[in-house]
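Everything below concerns the one structure shown next.
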Amino acid sequence: MTDNEKSKRVLNFPSLISKNPNLAQYYNQRLNVYNFGSNDAVIELTKTLFETNLSFKVKIDDSKLCPRFFNRLDYVIFIDHLLRNTLSTEAHFRKVEHEVKYVGLDIGCGQIAVYGLMCASVMKNLKCMVCTDIDDESIKTATDNISRNELNDKLIALHVDRSGNSFASLAEMLTDADTDKTAAFSMCNPPFYSSCAEMSCKNAFKRQKTNSMGEYVTGTENELVTNGGELAFIRKLVQDSKNVSNKHSVIWFTSLAGNYKTVKTLVQNDFAQDPDFNFGVHSFVSGNSRNATKRWIIYWSFRLTRPPIGVSKTNLVGSRYEFTVKCSLSIKINEDDLANLNDIKCERINADVLLVHFPGDRWSRAYRRSLKHINNAIQQNDDCWFRIENGSSHIVIYWLYGTRHKLFESFCGFLRRLIQSKEC
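Using the working numbering, you'd call the opening residue of the sequence shown number 4 and step up by one each time.
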């Protein structure tokens with residue numbers, strides 16, 4: 004988020020009160036302090052932000068979880084950015100240009116269908132979105148909020164069973180869709196805690212650390228607590244996604260995470276077991292205060308387009324998709340350096356950036372040896388795209404598209420040896 008975008012997050016309460024006088028009872032004008040310790044105050048502010056920012060009117064039940072507006076909006080903005088970047092890359096690789104419509108799924112939509120409403124506002128190409136929940140009352144309220152804002156043609160709230168596949172409703176939509184012209188995605192804000200005791204303990208610690216009452220959080224047990232916490236919940240999402248028959252039609256499966264330990268465990272203990280697993284992690288902070296809470300977005304896919312450059316903001320994933328070679332100032336990698344490789348296609352982006360495409364390994368010693376024996380020549384069909392960026396004292400190789408991480412490692416090794424030979 005840029006400094007300009009952050010400045011827009013500074014809440015101007017006198018201005019908001021002029022639009023909704025009900026906020027005045029929770030605002031201390033002399034101290035310029037809003038009572039976030041009151042659930043009613045948080046609800047009233049959330050309703051006001053929906054109306055002033057998105058022109059939506061929402062009804063919020065005070066016994067259920069009230070979503071934090073900018074936290075949820077930042078998640079939606081990121082997913083929109085991620086989809087547009089990925090689709091732009093895929094259109095370039097596949098030489099396909101046509102308008103793509105978004106088909107989405109919100110797992111655990113809650114009483115507002117917050118992600119559905121926000122996606123309908125932010126994503127200009129949203130065709131339809133299913134908002135699911137295991138709570139009947141939440142579905143009824145979500146349906147009311149969808150109808151209240153005349154979005155029945157785009158959004159549907161659907162009750163689901165907790166034991167079923169989380170992505171079943173998305174799979175059904177894709178069965179009838181022209182998947183070549185559809186960008187499917189999923190979103191989820193899982194319950195963070197494994198027990199009510201854990202929730203109370205962490206909230207007390209946070210209040211003690213910040214020396215404040217903090218924001219008031221209320222909600223049903225289904226909304227806040229799940230067996231095994233958010234780690235177990237996201238692990239089930241990943242497993243469910245693997246069992247979806249048309250999983251390759253989904254651009255990105257995604258989930259919010261509230262605990263760094265959860266993200267680190269997933270990356271190091273789960274995803275790292277498969278070097279070809281396609282995933283990314285993005286961290287963000289929605290508030291301006293020094294006590295603002297950090298959140299993470301985990302996203303994964305079974306397609307071959309890797310996470311767009313610069314999208315992930317975390318050091319947990321970086322080396323998986325990029326490799327840096329330090330070199331002297333005069334060293335550059337150009338088309339002529341790669342001209343003797345079979346089947347290569349080069350595309351010059353600018354003076355310092357080169358895109359290269361191979362149908363598979365065409366650079367290794369094993370491939371060169373195979374050429375001496377025609378009958379044993381390697382005939383791979385492992386499409387791979389790499390981006391080479393020439394810097395002032397280093398060269399960075401990015402893995403943009405492909406099946407196997409070992410091919411990326413092998414190509415990086417080839418370029419490193421090439422750079423070393425140029426420095427001799």
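Each residue gets a CB set at the ideal place from its N, CA and C atoms; glycine is no exception.
Round the Cβ separation of residue i and residue j to the nearest angstrom and send it over; I've been treating them as touching at under 8 Å.
i	j	result
TYR29	SER41	6 Å
TYR302	TRP366	Not quite, the Cβ-Cβ distance comes to about 30 Å (not below 8 Å), so this is no contact.
ARG12	GLY290	7 Å
PHE389	LEU403	6 Å
PHE195	LEU227	7 Å
ASN249	ALA174	6 Å
LEU158	ALA180	That belief does not hold up - the Cβ atoms of LEU158 and ALA180 are roughly 16 Å apart, past 8 Å.
GLY107	PHE188	5 Å
LEU120	LEU57	7 Å
Determine the direct distance from the alpha carbon of residue j to that of residue i, and round the result to whole angstroms.
i	j	result
GLY405	PRO310	11 Å
LEU76	LYS297	14 Å
ASN15	ARG71	17 Å
THR213	SER286	Because THR213 carries a pLDDT of 42, less than 50, the predicted location of this residue cannot be relied on, and the following value inherits that uncertainty. Roughly 21 Å between the two C-alpha positions.
GLU233	LEU68	16 Å
GLN276	THR229	26 Å
SER315	LYS375	43 Å
CYS330	HIS397	5 Å
LYS335	VAL284	31 Å
ALA44	LEU26	7 Å
ASN353	PHE414	21 Å
VAL253	ARG306	8 Å
GLY321	LYS409	16 Å
PHE59	THR49	11 Å
ALA145	VAL61	9 Å
GLN271	ARG151	44 Å
SER215	VAL288	Low per-residue confidence applies at SER215: pLDDT is 48, beneath 50, and the placement is therefore not dependable, though the value from the model is reported in the following sentence. Using only the alpha carbons, I get a separation of about 19 Å.
ALA342	VAL359	11 Å
LEU52	SER18	12 Å
VAL133	VAL266	26 Å
GLY167	GLY111	13 Å
CYS131	SER304	20 Å
PHE282	CYS387	17 Å
SER424	ARG368	16 Å
SER373	ASP385	17 Å
CYS427	PRO362	31 Å
ILE237	GLU412	29 Å
GLY313	ILE391	15 Å
ILE400	GLY261	32 Å
GLU338	ARG371	20 Å
SER66	ASP279	44 Å
GLY113	LYS239	19 Å
ASP6	SER395	Bear in mind that a pLDDT of 47 at ASP6, under 50, signals an unreliable position, so the model cannot answer this.
LYS143	ASP109	16 Å
GLY231	ARG407	32 Å
LYS245	MET176	17 Å
HIS95	HIS251	19 Å
GLN211	TYR37	Confidence at GLN211 is low in this model, with a pLDDT of 46, below 50, so the placement of that residue should be treated as unreliable; the coordinate-derived value is given next. Whole-angstrom Cα-Cα distance: 19 Å.
Beta-carbon separation of residue i and residue j under 9 Å?
i	j	result
ARG300	PHE73	Just to set this straight, residue 300 is Ile in the shown sequence, not Arg. Going by C-beta atoms, ILE300 is not nearer than 9 Å to PHE73.
ALA459	TYR105	Look at the range of the chain in this structure, 4 to 427, and you will see that residue 459 is not part of it.
ASP340	LEU421	yes
VAL125	ASP83	yes
GLY118	MET190	The sequence as given places Tyr at residue 118; Gly does not occur at that position. Going by C-beta atoms, TYR118 is nearer than 9 Å to MET190.
ASN88	ILE115	no
PRO2	LEU259	Outside the shown range of the chain, which is 4 to 427, sits residue 2, and nothing can be said about it.
ASN318	VAL356	no
LEU85	THR257	yes
SER169	ASP243	yes
ILE46	ILE20	no
GLU102	LYS184	yes
THR308	GLU93	yes
VAL247	ALA171	yes
For residue i, would you say it is in contact with chain C, using Cβ-to-Cβ distances shorter than 9 Å as the test?
i	result
PHE256	In the structure shown, chain C does not exist; there is a single protein chain.
Review point. Which whole runs of the beta strand (DSSP E) in the stretch 320–389 are 3 residues long or more, in chain order?
Key: 325–329, 348–353, 356–361
Check your understanding: Are three or more beta carbon pairs between the stretch 129–140 and the stretch 152–170 nearer than 8 Å?
Key -> yes
Exercise for review: Note down, one range per segment and in chain order, each beta strand (DSSP E) of at least 3 residues found wholly within the stretch 237–307.
Suggested key: 253–260, 281–288, 297–304
Practice item. Enumerate, from N- to C-terminal direction, the unbroken alpha helix (DSSP H) stretches of 4 or more residues contained entirely within the stretch 82–160. Key: 117–125, 139–151
Point to revise | Ranges of the alpha helix (DSSP H) found wholly within the stretch 14–93, counting only runs of at least 4 | key: 16–22, 42–57
Check your understanding: Okay, do the stretch 314–331 and the stretch 346–357 touch, 3+ Cβ pairs below 8 Å being the bar?
Key -> no
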